[in-house]
Amino acid sequence: MFGQSDLLSEYQQAYLSVINKPITSAPLMAIDLEMTGLDPQQDQIISIGIVPIEPSSMPLSIPLAKAQQIMINIDGSVGQSAAVHGIVDHHLSSALTLTQAMEWFVEKTKGHILVAHHAPMDIAFLQSHLFKTNGRAIKLPFIDTLALEKQRLLRQHDVLKEGSLRLDACRQRYGLPTYSGHDALTDALACAELFVAQVNSIGDINTLSAAEFISI
19 MFGQSDLLSE YQQAYLSVIN KPITSAPLMA IDLEMTGLDP QQDQIISIGI VPIEPSSMPL
79 SIPLAKAQQI MINIDGSVGQ SAAVHGIVDH HLSSALTLTQ AMEWFVEKTK GHILVAHHAP
139 MDIAFLQSHL FKTNGRAIKL PFIDTLALEK QRLLRQHDVL KEGSLRLDAC RQRYGLPTYS
199 GHDALTDALA CAELFVAQVN SIGDINTLSA AEFISI
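Using this note's numbering, read the sequence shown as starting at 19 and increasing by one per residue.
So this is what it looks like as structure tokens:
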């Protein structure tokens with residue numbers, strides 16, 4: 019359980035206060051997770067990266083100095099998942115406990131709308147792990163950059179080829195570079211940059227609220 023204050027209740031109240039703000043002034047947080055597998059009920063989160071997206075004259079900017087990443091000390095071994103994310107067991111020996119990591123995540127992202135690529139996967143893991151550590155379910159409002167790109171391509175009557183919605187493929191369509199690294203922080207940054215590009219490609223963005231981008 020988290021501390022004496024009910025952080026999860028505060029968390030939900032905080033996001034309710036921001037979802038109706040214009041997308042250009044709503045607090046946003048791009049996230050990415052590295053996991054031991056793809057099953058939110060059985061597999062574990064190894065690492066979390068967060069990158070804020072803030073209002074600016076552009077109309078959004080990414081303050082890199084505020085980007086953060088944590089590691090989580092899991093039960094057992096990372097196993098074959100190390101081939102995907104490059105994190106091996108000894109990297110986690112001094113990492114945060116799951117309870118510490120979930121409290122950190124709630125504190126850092128409170129009052130922000132989450133942004134992720136293929137967001138339902140990351141959200142399912144976070145919800146499962148928050149339930150494990152706090153014994154209650156929580157709704158996490160999120161914006162899925164993959165879903166936004168899919169909608170845009172379908173409106174243009176483009177054919178969705180295999181792999182066309184991968185993060186790197188989506189970024190290439192906006193002229194964004196390919197990052198050679200693959201970790202939670204790099205992927206969260208890549209997602210943040212993609213979302214800013216997606217927003218900039220929309221005409222009269224100031225008329226749109228955050229709620230119009232959100233899935234819950």
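All C-beta atoms in this analysis are idealised placements derived from N, C-alpha and C, irrespective of residue type, glycine included. Nothing here was measured: the structure is a model prediction, and the numbers come from that model.
By a beta-carbon distance limit of 8 Å, S43 does not contact P81. Their separation comes to about 15 Å.
Of the residues L185, Q30 and S112, the one whose Cα lies closest to the Cα of K128 is Q30.
I64 places its beta carbon 7 Å or farther from that of L132. Residue state for M76 is assigned as coil, using DSSP reduced to three classes.
For the set H136, P58, S219 and T151, the Cα lying nearest the Cα of A206 is the one of H136.
Looking at the backbone, the Cα of N218 and that of S95 are separated by about 42 Å. If only uninterrupted alpha helix (DSSP H) runs of at least 4 residues are considered, those enclosed by the stretch 34 to 109 are 100 to 103. A distance below 7 Å between beta-carbons, with the five flanking residues on each side excluded, links V36 to the following residues of its chain, in chain order: A44, P45, G129, I131 and A228. With a cutoff of 7 Å on beta-carbon distance, F160 and S233 are scored as near each other. A straight line joining the alpha-carbon of I220 with that of E167 spans about 12 Å. Here S198 is exposed: its Cβ has fewer than 16 other Cβ atoms, across all protein chains shown, within 10 Å. A32 and M47 have their C-alpha atoms some 14 Å from each other. Taking C-beta atoms under 8 Å as the contact rule, G67 and Q87 qualify, at a distance of about 4 Å. Secondary structure note for L116: its alpha helix (DSSP H) is the uninterrupted segment L116 to T127. Approximately 6 Å separates the beta-carbon atoms of L116 and T151; this is inside 8 Å, confirming the contact. Cβ atoms of I71 and A165 stay farther apart than 8 Å, at about 17 Å. L51 is the residue among I41, S99, L51 and K39 whose C-alpha sits nearest the C-alpha of I141. Classified as buried, R189 has 16 or more neighbouring CB atoms from the shown chains inside 10 Å of its CB. Residues L166 of the same chain have their beta carbon placed closer than 6 Å to that of Q216, with the five preceding and five following residues left out of the count. The alpha carbon of S112 has as its nearest neighbour, out of D176, I90 and W122, the alpha carbon of I90. For A202, the enclosing alpha helix (DSSP H) begins and ends at A202 to N218.
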